[in-house]
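In my numbering, the protein residues as written are 194 to 618. Worksheet: one structure, shown below.
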Ligand code: F3S
């Protein structure tokens, strides 16, 4: 990799040993991918590692070294959601013991470390940092050092920013040096589509299943999706953005998509159209049958496949404000319809702290609380990712949570029916 004079000096230790090691890591990472240079990061950071899992000792050691060297990130950063919220996501004594003493024993220490190196504020714990309420919103063309896959794919696709699918720690290192290796999704060529996806469904496809189908098919390639603007429109409204958030998270977790284009809707597709499509691309047609085939292919990992669900998580990635309002209204109206006063399965709606604060000011929030549903800002995956929770029959409307845990995925309507106690037809 060709380095500037300043970069070479940092590498030689002009700004201390710690910075030299951080830059060396970035350079070696870039070399692996054939990057010829580093380019400046132009926007705030977002870190994927939000949990103080005691086992990842090297992380805390490196953070201490960074702090001791007086180093901070170039711009402030937000970070993925916290793993625990005992107030809203109650758990038994044994779970609590495992969470606080074994799994997340270093949570407090790690959050203090994050604050010392540049955490934006205490509300910055969410994977949907790009929501208006949170305010970490990159502009078109911004270069980022992020790693959370659902946020990376959103920033690349819906906002037109540029970011590779980095890993944890590399996001911190890029944010500290203020530079990232130039390759892959940072380049014009790397943003071109390898696949054309033709959506030919008779109704608006479930975002989570469409994203899953595409992710499973294209893996890490870039898809150019045709026919979805028929259902989403040609403007990035709040509803369209919420849909694309969930769609993108499913492409990124069921496959490894870091960027997609939606014809006539996402910014680069609007600007460049067919010029974004490579020659000799592959085509994947998705109709109602194909979506159903993908949905039916999900394995149920519960010990007792017929068990009654004990817990329900909605909001992975975190819900947008309009999604939260929609779910609250649907639950309240649905319970009125079935004549039930309380939700039939313990239900947790997850959203960012800023969206939650806004929602808590509303009458709707008070009504929702009466149903027994809860609003939390945890990461459901971090919660389910332990030996005890892993055994529970958990349902979710998130394809990402389904993929990384033993939770069972249900479509939005199906999950609502379980919550309100409506018998399936
Ligand atoms: Fe967000 Fe955690 Fe899901 S980080 S995308 S809520 S797995």
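No residue lacks a Cβ here, since even glycine has one placed at the ideal position from N, Cα and C.
If you compare the alpha carbons of 612, 212, 220, 313 with that of residue 534, the shortest gap goes to 612.
Counting only residues of its own chain and dropping the five nearest sequence neighbours on each side, residue 282 has a CB closer than 8 Å to the CB of 541, 567, 569, 571, 576. For the set 428, 447, 314, 238, the Cα lying nearest the Cα of residue 413 is the one of 447.
Judged by the Cβ position, residue 438 fails to qualify as a neighbour of the ligand F3S at the 6 Å threshold, every heavy atom of the ligand being at least this far.
Residue 300 sits buried, since 16 or more C-beta atoms from the chains shown fall within 10 Å of its C-beta.
In the DSSP assignment, residue 201 falls within the alpha helix (DSSP H) that extends over 198-204. Counting only residues of its own chain and dropping the five nearest sequence neighbours on each side, residue 224 has a CB closer than 7 Å to the CB of 194. At least 7 Å separates the beta-carbon of residue 598 from that of residue 445.
Among the bridge pairs identified by DSSP, residue 355 is matched with 336. For residue 478, the enclosing beta strand (DSSP E) covers residues 470-479. For residue 561, no beta strand (DSSP E) encloses it; the enclosing alpha helix (DSSP H) starts and ends at 556-563. Contact between the segment 463-481 and the segment 380-400 is present, with at least three C-beta pairs closer than 8 Å. Taking C-beta separations shorter than 7 Å and ignoring five residues to either side along the sequence, the partners of residue 378 in its chain run 349, 355, 356, 357, 384, 451, 452, following chain order. If you check the C-beta of residue 574 against the ligand F3S, you find a heavy atom less than 6 Å away. The Cβ atoms of residue 372 and residue 231 sit closer than 7 Å to each other.
For residue 206, the number of other beta carbons within 10 angstroms of its own is below 16, and it is reported as exposed. Partner residues in the beta bridge of residue 391, as assigned by DSSP, are 419, 478.
It is roughly 34 Å from the alpha-carbon of residue 370 to the alpha-carbon of residue 470.
Under the DSSP assignment, residue 223 falls in the alpha helix (DSSP H) whose first and last residues are 210-225. Taking a cut-off of 8 Å for Cβ pairs, the segment 313-323 and the segment 539-557 touch, as three or more such pairs fall below it. Remark: the C-beta of residue 547 is outside contact range of the ligand F3S, defined as less than 6 Å to any heavy atom. Here residue 521 carries a helix assignment [DSSP, helix/strand/coil]. By DSSP's assignment, residue 284 forms no beta bridge with any residue.
Between residue 506 and the set 428, 558, 604, 526, the nearest pair of CA atoms involves 604. Judged by DSSP in its simplified three-state form, residue 449 adopts coil rather than helix or strand. In this structure the segment 302-311 touches the segment 255-268; the number of beta carbon pairs closer than 8 Å is three or more. Residue 562 is classed as exposed because its beta carbon has fewer than 16 other beta carbons within 10 Å across all chains shown.
Taking C-beta atoms as the reference points, residue 341 and residue 273 count as a pair closer than 7 Å. In this structure, residue 435 has its beta carbon at no less than 6 Å from each heavy atom of the ligand F3S. The nearest non-hydrogen atom of the ligand F3S is less than 6 Å from the C-beta of residue 273. For residue 279, the secondary structure class from DSSP, reduced to helix, strand or coil, is coil.
Looking at the backbone, the Cα of residue 213 and that of residue 374 are separated by about 16 Å.
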